[in-house]
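Numbered by numbering that gives the first Met the number 0, the letters in the sequence shown go through residues 0 to 536 in order.
Every residue, glycine too, gets a C-beta built ideally from N, C-alpha and C.
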Amino acid sequence: MNRQAVQTLKTYFGYDTFREGQESVVESILEHRDVLAIMPTGAGKSLCYQVPALLMSGITIVIAPLISLMQDQVKALNEAGIHAAFINSSLSESQISKALYLAAGGRYKIIYVAPERLENYEFLEFARQVEISMVTVDEAHCISQWGQDFRPSYVKIVDFVKNLPGRPIVSAFTATATEEVKNDILCTLSLADPEVVITGFDRKNLYYSVENIRRKDDFVMDYIDRHPTESGIIYCSTRKNVDNLFELLFQKGVAVTRYHAGLNNETRKKNQDDFIYDRTPVIIATNAFGMGIDKSNVRWVIHYNLPKSIESFYQEIGRAGRDGLPSNTVLFYSLGDLILLTKFASESNQQNINLEKLQRMQQYAEADICRRRILLSYFGETTTEDCGNCDVCKNPPQRFDGTVIVQKALSAIARTEQQISTGVLIDILRGNYSAEVTGKGYQELKTFGAGRDIPPRDWQDYLLQMLQLGYFEIAYNENNHLKITSSGSDVLFGRTQAALVVIQHEEAVMPVRWPRSQPSATLPFRTRRLWTSTTPS
Ligand code: ADP
Ligand code: MG
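1) In chain order, what are the residue ranges of uninterrupted alpha helix (DSSP H) at least 4 long that sit wholly in the stretch 34-61?
2) Round the Cβ separation of ASP201 and LEU375 to the nearest angstrom and send it over; I've been treating them as touching at under 8 Å.
3) Quick one: is THR177 buried, meaning 16 or more other Cβ sit within 10 Å of its Cβ, or exposed?
4) Judging by CA-CA distance, which residue of VAL300, ASP272, PHE288 and LEU491 is the nearest neighbour of SER230?
5) I'd like to know whether the C-beta of THR495 is nearer than 8 Å to at least one C-beta of chain C.
6) Please state whether the Cβ-Cβ distance between SER170 and VAL329 is less than 8 Å.
7) With H, G and I counted as helix, E and B as strand and the rest as coil, what does DSSP make of SER420?
8) Note down the Cα distance separating PRO395 from ASP367, rounded to an integer number of angstroms.
9) Taking 7 Å as the cut-off, is the beta-carbon of ASP148 closer than that to any non-hydrogen atom of the ligand MG?
10) With respect to 7 Å, is the separation between the Cβ of ASP137 and the closest non-hydrogen atom of the ligand MG below this value?
11) Quick check on the DSSP output: the alpha helix (DSSP H) that includes ARG451 runs from which residue to which?
12) Can you check which of these residues, THR187, PRO227, GLY320 and ARG456, is closest to GLN503 by C-alpha distance?
13) Assuming ARG398 is part of the beta strand (DSSP E), what are its boundary residues?
14) Could you check whether ILE427 and ALA413 sit closer than 8 Å to each other, using their CB atoms as the reference points?
15) In its own chain, which residues sit with a C-beta less than 6 Å from the C-beta of LYS74, not counting the 5 before and 5 after it?
16) Between ARG18 and the ligand ADP, is there a pair consisting of the residue's CB and a ligand heavy atom that are separated by less than 7 Å?
17) Compute the Euclidean distance between the alpha carbons of PHE125 and LEU117, then round it to the nearest angstrom.
18) For the ligand MG, is there any heavy atom lying closer than 7 Å to the beta carbon of LYS439?
19) Tell me which residues share the same chain as MET465 and place their Cβ nearer than 7 Å to its Cβ, disregarding the 5 neighbours each side in the sequence.
20) Cα-Cα, which of SER208, TYR313 and CYS141 is closest to LEU188?
21) With contact counted as at least three CB pairs below 8 Å, one residue from each stretch, are the stretch 212-232 and the stretch 245-255 in contact?
22) Does the stretch 200-217 come close enough to the stretch 258-267 to have 3 or more Cβ pairs within less than 8 Å?
23) Can you tell me whether ARG451 is buried or exposed? The criterion is at least 16 other CB atoms within 10 Å of its CB, across all chains shown.
24) Can you give the beta carbon distance from SER541 to MET55, rounded, assuming they're within the 8 Å contact cut?
25) What does DSSP give as the partner residue(s) for GLU194 in the beta ladder?
26) Mapping DSSP to helix, strand and coil, what is THR228?
27) Looking at the unbroken beta strand (DSSP E) that takes in THR341, where does it start and where does it end?
28) Using three-state DSSP, classify LYS482 as helix, strand or coil.
29) My assumption, with CB atoms under 8 Å, is that ARG372 sits in contact with ASP390. Please give the rounded CB distance.
30) Run through the DSSP bridge pairs and tell me what ASN327 is partnered with.
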């Protein structure tokens with residue numbers, strides 16, 4: 000290993016050794032090679048370009064997508080005694096001119112810019128008159144339409160590089176490793192004979208679990224109650240969900256904060272800091288939160304809603320356990336979320352891509368094989384063994400002959416001429432005289448009340464299973480009405496049997512201990528077994 004590099008690592012960053020992957024990236028750059036490094040979140044990608052930046056004669060320009068991310072990095076570098084600066088829209092015109100003036104005089108080794116800046120005339124003039132040793136593209140998946148946060152201005156980076164008097168080294172970094180994204184980065188950036196470094200995506204200290212539950216709030220309350228001293232993140236799909244859950248937890252006396260794009264800058268910054276410095280160890284956030292956040296002791300991440308893709312999911316759960324200690328991830332999976340996301344995806348302008356991504360996410364959520372294998376295979380890594388550290392491994396699903404249950408549901412769908420959605424279907428099965436039921440006269444159907452013995456929550460679960468098994472489809476363009484498939488017909492008419500997974504309930508024996516403000520409420524809890532017995536505490 001390059002001795003100067005090790006020395007730099009020690010002197011400026013205080014670390015003795017490079018981590019897996021860092022070494023080969025640093026060496027390649029120092030040998031003047033282009034690099035594409037694909038490493039999971041928390042692997043330490045920043046050092047891979049910062050260390051060589053300090054050892055090369057000219058300036059390194061780092062392109063990063065988020066202002067907050069640049070600011071944090073520059074702050075950290077300055078504290079380590081490294082001259083670095085950022086140039087972005089948070090600065091005034093005169094501040095930018097001053098920074099460029101200092102930079103032209105050789106003041107900074109590393110300059111962070113937003114991609115839009117590369118098209119700015121003043122900046123281009125500056126870049127053409129100084130020595131630029133390297134252009135680094137951080138979060139390089141932003142270049143790809145397959146990536147989760149496509150940024151059109153990333154595509155123009157290559158023009159910027161071409162306009163420079165000499166070609167600098169180009170290095171690109173991302174945590175997204177799908178083939179499509181990888182190829183997009185390689186092509187769009189025109190990397191020249193690059194060294195491609197991909198390090199293991201396996202995060203062995205993360206426990207993966209999925210909960211098919213409807214009473215999400217109860218789960219969250221109970222979880223926090225059981226892990227009172229731990230720091231955790233709850234991701235919700237919408238600002239409204241964030242706000243609602245925040246109000247609820249706040250009312251219950253939980254030390255909680257929130258983060259979403261609807262809050263002003265100042266509040267976001269404050270809330271983020273409250274979380275990072277453990278003043279409020281729990282944060283509820285939309286996916287706007289987290290990029291570039293380096294908090295080592297996050298013990299759990301709960302996804303209140305299904306994410307749109309495995310990339311986003313993996314990046315978000317990756318914020319847990321950066322210190323390497325055992326940490327927990329829980330994904331809430333509900334039929335409602337799936338229907339809504341599928342609707343969004345089919346209405347989006349990248350319909351095929353988005354639907355495919357969602358399907359992969361769905362496969363993870365519905366898996367009855369080791370979840371880690373699914374995640375790793377998504378990122379192109381194959382394993383031959385089950386991990387033993389996910390809910391499926393800990394608790395393999397048990398099945399029973401659910402033919403009659405499936406027949407009841409399908410028969411109800413058939414008798415309504417396939418004109419109902421899941422909510423009405425459950426009303427019919429349970430014998431509820433809801434407005435939708437009586438409005439259509441469904442109370443007269445033979446199947447009305449035929450599933451009264453099964454609680455609504457379990458129906459929800461069974462219907463999800465039936466959907467997964469392909470017994471019916473949801474017509475998203477037709478008010479989410481349910482349509483029986485040919486394999487559904489086979490079960491309905493007794494030509495085949497249907498195996499369903501047992502839903503395991505457990506009465507909570509212990510009264511739930513709510514923090515402070517809640518009076519001694521004892522909820523009549525029924526939970527899935529996974530929740531109470533296999534989640535590592
Ligand atoms: P990434 O960008 O890959 O998500 P970061 O660059 O933000 O990750 O680094 C994550 C954390 O790992 C940081 O706190 C960083 O200081 C730490 N780190 C990076 N390299 C090393 C190393 N060689 N030894 C110890 N800690 C490291
Ligand atoms: Mg990073």
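This is what the structure holds:
1) 44-54
2) 6 Å
3) buried
4) VAL300
5) Among the chains of the structure shown, chain C does not appear; only one protein chain is present.
6) no
7) coil
8) 7 Å
9) no
10) yes
11) Here ARG451 belongs to no alpha helix (DSSP H), and DSSP marks it neither H nor E.
12) ARG456
13) 398-400
14) no
15) none
16) yes
17) 11 Å
18) no
19) VAL405, ALA408 and PHE471
20) CYS141
21) yes
22) no
23) exposed
24) Residue 541 falls outside the range modelled here, since the chain spans only 0 to 536, and no answer is possible.
25) VAL34
26) coil
27) Premise fails: THR341 lies in the alpha helix (DSSP H), 334-346, not in any beta strand (DSSP E).
28) strand
29) In fact, because the Cβ distance is near 13 Å, the residues do not count as touching under 8 Å.
30) TYR206 and TRP299
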